[in-house]
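Below: one structure, written as structure tokens.
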Amino acid sequence: MHELSIVSSIVDTVTESVAAYPGARVKEVRLRVGALSSVIEESLQFCYGIATEDTPLAGSALVVNILPVIVHCEPCGQDVELEGVQSFRCPKCNEPSYDLRQGKELEIESIEIEEDEDDHTDCGVAPRHSEEK
Amino acid sequence: MTTRIVELRRGILKKNDELAAGLRNRYTAAGVLVLNLVSSPGTGKTAFLERTLTALKARGARVAALVGDLETDNDARRLASSGAPVRQINTHGICHLDAEMIDKHLEGWELGELDYLFIENVGNLVCPSSYDLGEKIRVALLSVTEGEDKPLKYPTMFNSADAAVITKMDIAEPCGFDRAEALKNINEIRPGIRIFETSAKTGAGMDEWLEYLAEERERRNA
């Protein structure tokens, strides 16, 4: 049940990030979660609704993209995707491997925000054309 | 009304990971080998650690321990009987230890005066796997009473471990413990992991474990 602390971290990070876009509303928060991250999506979703109340994330959707485990198989000389997390063996040659290349991710990939048309506050970044001088 | 996607690519536990990286640097600079012991409640982490601390002290090693529980200081009092400095961390409902708790409870301890620091995590095979404490070695413990398929049920924890310890081997037989099956399952989840079969009651397997600790300490400090 550490999903609540995870969701609290998400709320803090996103709140901090959207502060650069005054007046913007958060529509969606997208996560990349490795199959080995020991986070349950249902619990995340459940906690998300509660933890985002009265924050800039209130009413936004949480999209959880689960990434399969990928290990490097030495005999095959390539990265291979595992079918689950019950056996760390190459599905092609059956050799065990502990050379993890993907599966422990726990990150906020991106957020989708909605702004009013005339709200052009652009987090202090200079307009692109100024670089072309 | 316009919508836009803002790429963040931020680790959700970034704050903990950064604190843990700082702790890891401190441990390395001090030359202390730090181990994080994780298991279900009731596996026998405290008994195993009690025996380990006493044996290491007898060998002249400088040891200390931090022990996490939701409530009570019972485990700290048990471990302190070994003569080692011990501090209890009460998480008051939180299901895991995090780097901030470790940092706070290390205050006043001179890490350079220690050879080994053991962190006994909260009994839980799920949540502690996500929280790096800056440890050099994560040890997953499993008792013979828990069922040989525990590693398959909690793959994240066993997969993230550097060493595995089977406890209560003295009652393996009456429990009908299938040793081969347990070893196979641990290896299936974490190929090549070092496994110790121990009993804190009889002392079985402890010498091999202590040798491993000494080797790891030497290897990592070299």
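Chains A and B supply the protein sequences, listed in that same order.
The working numbering puts the first residue of the first sequence at 1, with every later residue one more than the last.
The working numbering puts the first residue of the second sequence at 1001, with every later residue one more than the last.
By construction, the Cβ of each residue, glycine as well, lies at the ideal position given by its N, Cα and C atoms.
> In its own chain, which residues sit with a C-beta less than 8 Å from the C-beta of Val63 of chain A, not counting the 5 before and 5 after it?
Replying inline: Against the first sequence, residue 63 of chain A aligns to sequence position 63. So the qualifying residues of the chain are Glu28, Val29, Arg30 and Leu31.
> Looking at the structure shown, is Ala1200 of chain B part of a helix, part of a strand, or coil, going by DSSP?
Replying inline: In the second sequence, the residue the question calls residue 1200 of chain B occupies position 200. Note: Ala1200 of chain B maps to coil in three-state DSSP.
> Taking 8 Å as the CB-CB cut-off, is Tyr98 of chain A touching chain B?
Replying inline: The sequence position of residue 98 of chain A within the first sequence is 98, counting from 1. Yes - at least one Cβ of chain B is within 8 Å of the one on Tyr98 of chain A.
> Anyone know if the C-beta pair for Arg1190 of chain B and Tyr98 of chain A falls short of 8 Å?
Replying inline: Numbered from 1 along the second sequence, position 190 holds the residue referred to as residue 1190 of chain B. Numbered from 1 along the first sequence, position 98 holds the residue referred to as residue 98 of chain A. Yes, the pair counts as a contact, with Cβ atoms nearer than the cut-off.
> Name the chain B residues that come within less than 8 Å of Phe88 of chain A, Cβ to Cβ?
Replying inline: Numbered from its first residue, the first sequence carries residue 88 of chain A at position 88. What Phe88 of chain A touches in chain B: Asn1159, Glu1188, Ile1189, Arg1190 and Pro1191.
>> I want to know whether the stretch 1119-1128 of chain B touches the stretch 1036-1048 of chain B - three or more CB-CB distances under 8 Å.
In response: yes
> Ser1143 of chain B: which of B:Val1086, B:Lys1015 and B:Ala1172 sits nearest, CA to CA?
Replying inline: Here residue 1143 of chain B corresponds to residue number 143 of the second sequence, with the count starting at 1. The shortest Cα separation from Ser1143 of chain B among B:Val1086, B:Lys1015 and B:Ala1172 belongs to B:Ala1172.
>> Once the 5 residues before and after Gly1205 of chain B are set aside, which same chain residues still bring their CB inside 7 Å of it?
In response: As a first step, residue 1205 of chain B must be located in the second sequence, where it is residue number 205. Here the set comprises Met1169, Phe1196, Glu1197, Thr1198 and Ser1199.
>> So His2 of chain A contacts chain B; which residues on that side make the cut at Cβ distance below 7 Å?
In response: What you label residue 2 of chain A is simply residue 2 of the first sequence in a count that begins at 1. Going along chain B in sequence order, the residues near His2 of chain A (Cβ under 7 Å) are Cys1095, His1096, Cys1127 and Ser1130.
> Beta carbon of Val1006 of chain B, beta carbon of Ile111 of chain A: below 8 Å?
Replying inline: On the second sequence, residue 1006 of chain B is found 6 positions in, with the first residue counted as 1. On the first sequence, residue 111 of chain A is found 111 positions in, with the first residue counted as 1. Yes, they are a contact pair.
>> I want to see whether chain A comes within less than 8 Å of Ile1089 of chain B, judged by CB atoms only; does it?
In response: As a working mapping, residue 1089 of chain B is identified with position 89 in the second sequence. So no, Ile1089 of chain B is outside the interface.
>> Suppose the cutoff is 7 Å on Cβ atoms and the five residues either side in sequence are ignored; what does the same chain contact list for Asn1185 of chain B look like?
In response: Locating residue 1185 of chain B in the second sequence gives position 185, counting from the first residue. Answer for Asn1185 of chain B: Glu1148, Asp1149, Pro1151 and Leu1152, listed in chain order.
> Is the stretch 1064-1073 of chain B touching the stretch 1094-1111 of chain B, taking contact as three or more C-beta pairs under 8 Å?
Replying inline: yes
> Enumerated in chain order, which unbroken segments of the alpha helix (DSSP H) with a length of 4 residues or greater are wholly contained in the stretch 1045-1119 of chain B?
Replying inline: 1045-1058, 1074-1080 and 1099-1105
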